[in-house]
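Protein chains in written order, with our numbering: chain A, 837 to 1543; chain B, 71 to 346.
Even glycine gets a Cβ: it sits at the ideal position worked out from N, Cα and C.
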Amino acid sequence: MVITLGFLPEPLALITDNHILRPATLAAGLSVALLASAAHEQPDTLLLESVEVVATGPIAPITRRDGSILFTDKALDHTVRTMGEADMLRLVSLAAGASSASDYTSGPTFDGSSWGNNTIIAGGMPVIFPYHFGGIYSALNSAIYPRAELFKSIHPADHPDVLGAVTSLSTPAVTDAAKAEINVGMTASSAAIQMPVSPRLTIEAAVRASYISLLYGGMLGGKSTDVDYNFEDVDVVARWTPDAANTISATLHYNGDRLDYNDKNYGMTTRLHWRNAGGAVTWDHRSSIISHTHTAFVTSLDNRLSLDITDVSVGVPASTLSAGINGQFNHDNADCLSSPLQWKAGYSVEYNSFMPQSASVEGLGEETKATPRRNSSASGRAWGTLRWLISDAISADLGLALTAYGAQGGYFTFLPSPRMTFNFTVPWGTTATIHAGRYVQCIHFLGMSEIGLASNFRMGASAAVPPQSAWNFATTLSHTLRDTGLSIAADIYYKIIDRDAEYNGAVLDLLDNTYRDIDHVAVTHGYNTGASLTLRGFRGPVAWWIAYGFGTARRRYPATKGWINASSDMGHSLTACASWPINSHWTVNGQFSLASGRVYTPVECIYIVGERIVTQYGRRNSARFPLYHRLDMGVSYTFRTGGHRLPLEHSVNLSVLNIYAHSNVELQSWNVNMVTGRYYLRQVSSLYRAMPSLSYTIKFSLSECSF
Amino acid sequence: MKRLSLAMLPVLAAACTDTSSGPSSPAPLTIEGHIDSEGYVSVLLTSSIIPSDEGGPLADAVIRWGKVSLSDGETTVILTGGPDRNYVPPYRYFNHSMEGKPGRTYTITAEYEGRKATSTCTMPSPTPIDSLTAGRVEGNDTLRTVTVHFTAPDDCPAYYHLSTRALGIDPRYYPAMLGCVIASTPGENISLPAYRGKHFSATADFSPQWPEGCTAMVKLERVSEEVYRFWDAYNNMVLFGGSQFTETPESLPGNVSGGYGVWSAQGTDVMSIRLQ
């Protein structure tokens, strides 16, 4: 049985997590949610076996003491739906410090790091490319994963080692009643069910299929472009609690996407197909002495980019397979918890296998088929964190991770990653964090696209392209004005980037029978720096939050003098969200995004060779597209039917993306009008221009039934 | 041909009236030229354009009164300019008094309104074409494939570029689609598909294969490594530059100092085949 509370004050929200409650952190007067063993339960007594605090809400993201940001299902319910879908990863992309200046990019970048520097974990399983095209929404169903934690520049030692952000999606800890949800939208429909099969076994499953082209085909295309796109995804989570001390959960995910894009201007059709598949099993053991958690996972991504130009067809496939096991030990002894020193330690072992991108050509006389060679790498990592409670107001986390990495071909390296975090709690409800740490990343995520498309590929570090590393320095500050309910969170970061890898090859290079991907990788160095500010509050029933971020990312390339803006250079980014529940039926929400245009390489001049316009480029990434801005609005109507026998909650949601149809430029090129003999600038703007969507959701919960 | 003429009408008209005293901005010159072994020089000299967001006439690129000279290290000749509808832009510089000879180093110099561009290239020995073979296109009775066969020379690596022309259809040779290859091993037998080039007036139904009944002319050009790199990058731009999924903002690696484009002194061999 779980007793769930409503919204709780900010300090609790800052320090709570969804694992074992630490009594020392309970505030006075706090109520708790109890997890009881049904076998021992009597009507008026409960055997307390573990304690879990569940804070439901608030609507805005919560910045926690360690600088991480928590997103809950309540926030998701009050955010504008994207084409009828409420998506947790899309909500995460609205956080301060996230870039939002493009509708074509798949997923955001955080604090200046590139798309390949982020990782998303769902139920313990890394999902390599968890986006549907253009990042319209993720491939992970938010009905299964209604909770997300975002770690930007400060990562705990137990997190995977990446230079960017870690987003961890999780399912509710306990499901004590059957729930079902059906969502019918204009782009896709889904069904989700949560079922306690027995007192100890719960299964959750969601399946979604799209029909985007059927309804939106005409809108997605343009004067000279046609788009055909469909996908499906499946998520399954099972949780078994054999006894009070142990929980075993299993996670499965699959998504398949198929995009065909025809550009009549160039007589070319581009096909991009990708598929994620994977699973994880986690064993969580709680004890009065040492608690431990272990996860085994396997995850894969297969993608294929095909380019059809008249009779010629070029196919570029690539694939990645990763498998591993990781674990964590916490010293949760009651004596330890009151001790000024607490520790955590863990390990991870991972194996990665890559099929590098290669090209096969048809239609050019003799068919050529590439024969790429699969290469592999492995890593082992041990880490430990010591928490020193210096005083009631100050604590320090001192951590060290040691990574041993080896790759096919005899490459081996040893990578230490020390980390240090100081946490302060001062009077007036203010918390602060100061962090310094080294981060390493042994897997590179590269590709010809600069906007993180599924056509990109992964490659293990090697002697030619060593592991990336960064020194992160960050500080966060959080304060709540209790009388007003206004919360302020701010952070500043500076990252020194070493050996950031970037692919600089062209498609035709793939046709060279001496092609090696490592020959087309540039290793760069640089820095990211920036700051962000988040305000959130309430005015009557209206909940709002504003996130502003500024960031700059610079790189030095081997053959170029001076600093170059990285593709992930954010500039300014502002997001303002508001939700107004007018009454028990109607809710209106809105979301405004304003950001510096994405960086691009400007054209210095154009000239004619071979009867074609040829572009001479200027300094890389030295220009920006025009300012990006758009307003999304949504309104939902909720009503109930069925009484007590079969209570159903119905929601009808209407949302419009980019309600004033601003043309946000995504791409531009110079073309020639054959009739007039004039050259002209062709700008391709975002797909989202006054794009409406309608969805209908039915929810059912057995706990609300009475018979 | 008809489509090309119509498309180029505004450019031709501008060229004839020569309203351009040249571009007013100091945009670099562009040289696209070559001299073949046992052939003569041909150069397209244009001005690059610093584009404005409002666009503009392509005619701004045409240069009619440029001074173009060619030197073989011993003799320098001045090229004559004149309209030529077979090219885009339709103005060409040429000279028939200096014949291309393998082993010589040719320097092209172009000057116009204070701007100067130059390029130097040594002509390699030509590699003879062993044969051309034709084949059918699967599923299409009206198109044919052509393959060029030759033997790699002793002084490898050797760099090659193909130009092709469909006699009676194309007014001149065009850079062939995917027409670049490197010969690495002396004596190696090399077979390379010879495709038609996709040029300015190509329509959406353009096919790189050859129409049945035409005469396919293939010119095998042995070029310097610099020229090879240029055409290889050019091929990539033509084929994949329109894709947002693969385009990378890289300029073409030309070999012209003070300007853009490519100048090639090339050892050439030509063969034709009638496609039944």
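Contact set for S327/B: own chain, Cβ-Cβ below 7 Å, skip 5 residues either direction = Here the question's residue 327/B lines up with position 257 in the second sequence. Closer than 7 Å at Cβ, skipping near neighbours: A187, T188 and S189.
Distance between W1307/A and G1273/A (C-alpha atoms, nearest Å) | Your numbering for residue 1273/A matches position 437 in the first sequence. Your numbering for residue 1307/A matches position 471 in the first sequence. The straight-line gap from Cα to Cα measures roughly 6 Å.
Between the C-alpha atoms of I343/B and V113/B, what's the straight-line distance to the nearest angstrom?
-> Residue mapping note: residue 343/B aligns to position 273 of the second sequence, counting from 1. Residue mapping note: residue 113/B aligns to position 43 of the second sequence, counting from 1. I343/B and V113/B: Cα-Cα distance of roughly 27 Å.
Identify the continuous beta strand (DSSP E) that holds A1367/A and give its terminal residues.
-> As a first step, residue 1367/A is located in the first sequence; it is residue number 531 there, counting from the start. Here the beta strand (DSSP E) through A1367/A covers V1357 to R1375.
Using a Cβ-Cβ distance under 8 Å, would D200/B count as near chain A?
-> Translated into the one-based positions of the second sequence, residue 200/B becomes position 130. So, not an interface residue.
Sequence-distant residues of the same chain with beta carbon closer than 8 Å to V340/B, five excluded per side | Along the second sequence, one-based indexing puts residue 340/B at 270. The residues are I199, M287, V288, K289 and L290.
Select from W1110/A, L1157/A and S1025/A the residue whose C-alpha is nearest the C-alpha of M961/A.
-> Mapped onto the first sequence, residue 961/A falls at position 125. The shortest Cα separation from M961/A among W1110/A, L1157/A and S1025/A belongs to L1157/A.
Residue ranges of each beta strand (DSSP E) run of no fewer than 3 residues wholly in the region 1377 to 1448 of chain A, ordered along the chain?
-> 1378 to 1392, 1407 to 1417, 1422 to 1431 and 1439 to 1445
Between which two residues does the alpha helix (DSSP H) containing L310/B stretch?
-> To locate residue 310/B, count along the second sequence from 1; it is residue 240. In the sequence on display, residue 310/B carries Phe and not Leu. E295 to F310 is the extent of the alpha helix (DSSP H) around F310/B.
Quick one: does N306/B have its CB under 8 Å from some CB of chain A?
-> In the second sequence, the residue the question calls residue 306/B occupies position 236. Cβ-Cβ to chain A under 8 Å: yes for N306/B.
Buried or exposed: where does H1421/A fall if 16 or more other Cβ atoms within 10 Å of its Cβ makes it buried?
-> Position 585 of the first sequence, counting from 1, holds the residue named residue 1421/A. Exposed, since its Cβ has fewer than 16 Cβ neighbours within 10 Å.
Distance, H968/A Cα to L1095/A Cα | As a position in the first sequence, residue 1095/A is number 259, starting the count at 1. As a position in the first sequence, residue 968/A is number 132, starting the count at 1. If I take the Cα positions, the gap works out to 10 Å.
Spell out the partners DSSP gives E102/B in its beta bridges.
-> The sequence position of residue 102/B within the second sequence is 32, counting from 1. Answer is L114/B and V332/B, bridged to E102/B.
Run the CB neighbour count on G283/B, radius 10 Å, all protein chains shown included, and call it buried at 16 or more, exposed below.
-> Locating residue 283/B in the second sequence gives position 213, counting from the first residue. Looking at its Cβ environment, which holds fewer than 16 other Cβ atoms inside 10 Å, G283/B is exposed.
Name the residues in the region 1447 to 1463 of chain A whose C-beta lies less than 8 Å from a C-beta of chain B; which are they?
-> E1447, R1448, V1450, T1451, Q1452, Y1453 and R1456
Indicate whether the contact test is met: 3 or more Cβ pairs, each with one atom in the region 209 to 227 of chain B and one in the region 246 to 265 of chain B, closer than 8 Å.
-> yes
Under a CB-based cut-off of 8 Å, is Y1329/A close to chain B?
-> Position 493 of the first sequence holds residue 1329/A. Y1329/A does not count as touching chain B.
Quick one: does I1354/A have its CB under 8 Å from some CB of chain B?
-> For this step, residue 1354/A is matched to residue 518 along the first sequence. No, I1354/A lies away from the interface with chain B (no Cβ there is under 8 Å from its Cβ).
Span of the alpha helix (DSSP H), counted from its first residue to its last, around R1294/A | If you number the first sequence from 1, residue 1294/A lands on position 458. Where R1294/A is concerned, there is no enclosing alpha helix (DSSP H), although the beta strand (DSSP E) it sits in stretches over F1293 to G1296.
My understanding is that Y243/B touches T255/B, with C-beta atoms under 8 Å, so please give their C-beta distance in whole angstroms.
-> If you number the second sequence from 1, residue 243/B lands on position 173. If you number the second sequence from 1, residue 255/B lands on position 185. Contact flag wrong, Cβ pair sits at about 28 Å.
Does DSSP classify I1495/A as helix, strand or coil?
-> Counting from 1 along the first sequence, the entry for residue 1495/A is found at position 659. It is coil, neither helix nor strand.
When the distance is taken between beta carbons, is G1114/A closer than 8 Å to T1135/A?
-> As a first step, residue 1135/A must be located in the first sequence, where it is residue number 299. As a first step, residue 1114/A must be located in the first sequence, where it is residue number 278. Yes.
Skipping 5 residues on each side, what residues in its chain have a beta carbon closer than 6 Å to that of S139/B?
-> Working through the second sequence from its first residue, we reach residue 139/B at position 69. Taken in chain order, the residues that qualify are T146, I148 and T179.
May I ask you to report which of helix, strand or coil DSSP gives M924/A?
-> Position 88 of the first sequence, counted from the first residue, corresponds to residue 924/A. In the structure shown, M924/A sits in a helix (DSSP, three-state: H, G or I).
Look at the alpha carbon of V1070/A and the alpha carbon of V1043/A, and state the distance between them as a whole number of angstroms.
-> Locating residue 1070/A in the first sequence gives position 234, where the first residue counts as 1. Locating residue 1043/A in the first sequence gives position 207, where the first residue counts as 1. Going by the C-alpha atoms only, they are around 4 Å apart.
Contact under 8 Å by Cβ, S1368/A with G933/A = For this step, residue 1368/A is matched to residue 532 along the first sequence. For this step, residue 933/A is matched to residue 97 along the first sequence. Result yes, Cβ atoms of S1368/A and G933/A sit closer than 8 Å.
Note down, one range per segment and in chain order, each beta strand (DSSP E) of at least 3 residues found wholly within the region 1196 to 1267 of chain A.
-> 1196 to 1198, 1211 to 1225, 1230 to 1243 and 1247 to 1262
CB contact below 8 Å: A823/A versus chain B = In the structure displayed, chain A extends from 837 to 1543; residue 823/A sits before or after that span and is not available.
Residues from the region 114 to 130 of chain B in contact with chain A, defined by Cβ distance under 7 Å = T116, S118, I119, I120, P121, D123, G125, G126, P127, L128 and A129
Excluding the five sequence neighbours on either side, which residues of its own chain have a C-beta within less than 7 Å of the C-beta of A1045/A, listed in chain order?
-> Translated into positions along the first sequence, residue 1045/A becomes position 209. The answer, listed in chain order, is A1024, S1025 and E1068.
Could you give the DSSP three-state label for D1556/A: helix, strand or coil?
-> Since the first residue of chain A shown is 837 and the last is 1543, residue 1556/A is not available in this structure.
Determine the chain A residues that contact Y330/B at a beta-carbon separation under 7 Å, and present them in chain order.
-> The count along the second sequence starts at 1 and reaches residue 330/B at position 260. Residues of chain A passing the Cβ test: Y1443 and Q1452.
DSSP-derived helix/strand/coil call for W135/B = As a first step, residue 135/B is located in the second sequence; it is residue number 65 there, counting from the start. Coil.
Using a C-beta to C-beta distance shorter than 8 Å, which residues of chain B count as neighbours of T1437/A?
-> Start at 1 with the first residue of the first sequence, and residue 1437/A comes out as number 601. Those within 8 Å of T1437/A in chain B are P319.
How big is the Cα-Cα spacing for A864/A and G1265/A?
-> In the first sequence, residue 864/A corresponds to position 28, counting from 1. In the first sequence, residue 1265/A corresponds to position 429, counting from 1. Legend: pLDDT at A864/A = 32, less than 50; position of this residue unreliable, value from coordinates given subsequently. Looking at the two C-alpha atoms, the distance is approximately 15 Å.
Leaving out the 5 sequence neighbours to the left and right, which residues in its chain are closer than 6 Å to E877/A when beta-carbon positions are compared?
-> The residue you call residue 877/A lines up with position 41 of the first sequence. The pLDDT assigned to E877/A is 41, lower than 50, so where the model puts this residue is not dependable; a value taken from the coordinates is nonetheless given after this. There are no such residues.
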